Structure formats: structure tokens, C-alpha cells
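Chains as they are written, first to last, in this note's numbering: chain A, 24 to 165; chain B, 24 to 165.
The block underneath contains the structure these notes are about, expressed in C-alpha cells.
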DNA sequence: GTATACTGTAATTATATTTATAACAGATAC
DNA sequence: GTATCTGTTATAAATATAATTACAGTATAC
């Protein structure tokens, strides 16, 4: 799976944790453990989908624009990583004179799509606030 | 996802389609669209797990050693690609002085594991014979 | 209006992963 | 013994991913 999903979830959880304060891409990048430009790219998708509000210029940054109780990981997955279950490599070849070789790519494609849907029904149940709660539980274990 | 899963499923479906005839790695590789050495590597895993029987030497090759009605894609996924849902890249850093940064990697790890389990309950229902049937249906559409 | 501090985005470089290929030992059939 | 196969490792090539650089655009403070 694409790690932009991880970056998006981490960023949203961080913003939810900081309640309504804004955060710069540098601050988020440091917390996530990546480069600010990468955070800006991922959060730019979230902004276009309305999950965060961004403010350019001095004193700018990112703030949460959604209710963490309402937003599921499935929505975030759709924005950042849909289709990433399926490997880019495909078996078979349409030109071969064999029923298996000709059709395996299509069949596997369907299987990967259905598998992804199953995974997404799970992610639908998980909200950003649940992830934050899991972080709290994990922290209390240490 | 790792494409060894695709190669394994394709090979098993091909062997099931050819009933009890054996096939060489070169024949399978040509059908799958990869290198014989890669087929040998993947089928070597399947042999160790008892799904195929191999015969070395002249006239050798691979034959199915399982009932296609009984073997699910979940079993094959376990052998070839377990854990491949989770991206190798992890966010956060245990050393940071922030609850989110410290625990996000563990939390995401758990989420990816659960997501993978959901996907696997779907793959459990799909047998090798179902995949062969899907190939037949797909072929009849053309 | 100019300096400063941000985001947005594209281009480039570096790194990691994946796939293909080569090579050869070991096994079996003839 | 020779030809044909698998098993396995090592290496090279291709691809995908992540980091970095660069700079235009925008808002703020002075």
C-alpha cells in the first residue's frame, strides 16, 4: 500500500489532537517523519476534499475542517491510495492462444477489487477519533 | 501487493485446467508472462506447502497435488504475500516527545493487520476452482 | 512596499523494491 | 554420458517510492 495513506491519517490525527490550532507543513513533517514538501502534497489532496483548511502566507498552515468522529479511514484511503492493493505487475497476455493466459489478468483484477472493497468496509468503521483513541491506549501501555 | 501471489494463483489455475498433466517451469512462465526462474521460486514455496508435486530431471515438471475445490486464495496469500498490505514506510518516531509521533507506527501497524485479516476472510471463500470458473466466464464474454 | 513566512507544485535526485536474467549444482530419464 | 529438468543463489536491470530542491504565489507585519 501507498504510504500517503499513512501520512494523511497521521496528519489528521495530529491535527485532531491539537484541536483547533493550526500546524505548518514543517511541524507536521517533523512529527510524521518525512519532508515538508511531501506533507504539503498529501494535505493538498485533503484540502481539495474539504478535510482540512489551508492558509498560505506568514502565520499560515493547516487546520482540521472536519469532525474526527465523522471521518472514516475509508474516505481517506479513497483519496490517497485507492487501487493500491492491486500489484502493478499483471500475469498473462491477451495475445496468447490459451484461455487462462488471456483472461487471468482480468480475473485477478476483479479479485483485487473485491478484496479492496472488503478492506474498505473495515476502514469505514474506523474514524479519525478512533485512531486517536488507539494512540492514547497505546501510549498508556508504556 | 506482492505479485508472487498472482504468479502462484495463475500457476495453480493453469495446472488445475490441465488436469493431471505436468508442466515445466518454462511452459508455466510463458503462460504467466515471467521468467522460468521466478516460476520455480514461487512454485518451490507451493511444493513445500504441499500444493504441488515437483519432479526434477528430464521429463520432470510440476503437477497439482491438491483439490482445486478445497484450496482457498487465503492459503496461497499466506504462503506468498502475508503482510504485504502494510507499507514498508512507517510514520512517526519513538524518540519524539509527542504521543502521536511515538505511537502512530504501532497503531497503523494494527490497523493494517486487521485490514489484511478482513481481506483474507474474503480470500478464504475463493477457491482455485472458483478462479478457474471465473476465467471460463470471462472467456465466454469475448 | 518590502521583508518574512508560509503553501502549491513541478522537477530532479536518491533510495528501495521488484523483476529479469544468468549461472550452476543436483536429479532423473534415456 | 548426455539431455532435460528443478532448486537456488547472485547479479543486473527496471520500476516505484521517497527526499530534496526550487521557485511561483499568497498572506502578514512592519
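Built from N, CA and C at the ideal position, the CB exists for glycine as well.
Computed from a predicted structure; not experimentally measured.
Check your understanding: Per DSSP, what kind of secondary structure is residue 84 of chain A in: helix, strand or coil?
Key -> strand
Review point. To the nearest angstrom, how far is it from the Cα of residue 135 of chain A to the Cα of residue 108 of chain A?
Key: 7 Å
Check your understanding: Between residue 111 of chain A and residue 42 of chain A, what straight-line distance do the alpha-carbon atoms span, to the nearest angstrom?
Key -> 39 Å
Point to revise | Neighbour flag for residue 116 of chain A against chain B, beta carbons, 8 Å | key: yes
Check your understanding: Since residue 63 of chain B meets chain A, which of its residues come closer than 9 Å, beta carbon to beta carbon?
Key -> Here the premise fails: no neighbours, minimum Cβ distance about 16 Å.
Practice item. Starting from the C-beta of residue 117 of chain B, find all residues in its chain whose C-beta is less than 6 Å away, skip the five residues before and the five after it, and write them out in chain order. Key: 125
**Study point:** residue 130 of chain A, DSSP secondary structure in three states
**Key:** helix
**Study point:** Of the residues A:48, A:38 and A:164, the one placed nearest residue 74 of chain A, counting alpha carbons only
**Key:** A:38
Check your understanding: In terms of alpha-carbon separation, which member of A:161, A:57 and A:127 lies closest to residue 133 of chain B?
Key -> A:161
**Study point:** Residues within the segment 82–102 of chain A neighbouring chain B, beta-carbon criterion of under 8 Å
**Key:** 96
Point to revise | Touching by the beta-carbon criterion (3+ pairs, under 8 Å), the segment 55–63 of chain A and the segment 90–110 of chain A | key: no
Point to revise | Interface partners of residue 129 of chain A on chain B, CB under 7 Å | key: 161
Review point. Closer than 8 Å, CB to CB, is residue 40 of chain A near chain B or not?
Key: yes
Review point. Among A:84, A:34 and A:96, which has the Cα closest to the Cα of residue 123 of chain B?
Key: A:34
Point to revise | Distance, residue 146 of chain B Cα to residue 152 of chain A Cα | key: 30 Å
Check your understanding: Any chance the CB of residue 81 of chain A is under 7 Å from a heavy atom of the ligand COA?
Key -> For the structure depicted, the ligand COA is absent and the ligand set is empty, with no information on it obtainable.
Review point. What is the DSSP secondary structure of residue 95 of chain A, reduced to helix, strand or coil?
Key: strand
**Study point:** Rounded separation between residue 72 of chain A and residue 97 of chain A - CA only
**Key:** 13 Å
Check your understanding: Going along chain B, which residues have a C-beta under 7 Å from residue 137 of chain A?
Key -> 145
Check your understanding: Residues bridged to residue 154 of chain A by DSSP?
Key -> Its beta-bridge partners do not exist; DSSP assigns none.
Review point. How long is the line joining the alpha carbons of residue 106 of chain A and residue 81 of chain B, rounded to whole angstroms?
Key: 43 Å
Practice item. Could you tell me which residues DSSP puts in a beta bridge with residue 46 of chain B? Key: B:85
**Study point:** Coarse secondary structure for residue 77 of chain A, derived from DSSP in three states
**Key:** strand
Point to revise | Beta carbon of residue 166 of chain A nearer than 8 Å to that of residue 141 of chain B | key: Outside the displayed span of chain A (24 to 165) sits residue 166 of chain A, for which this structure offers no information.
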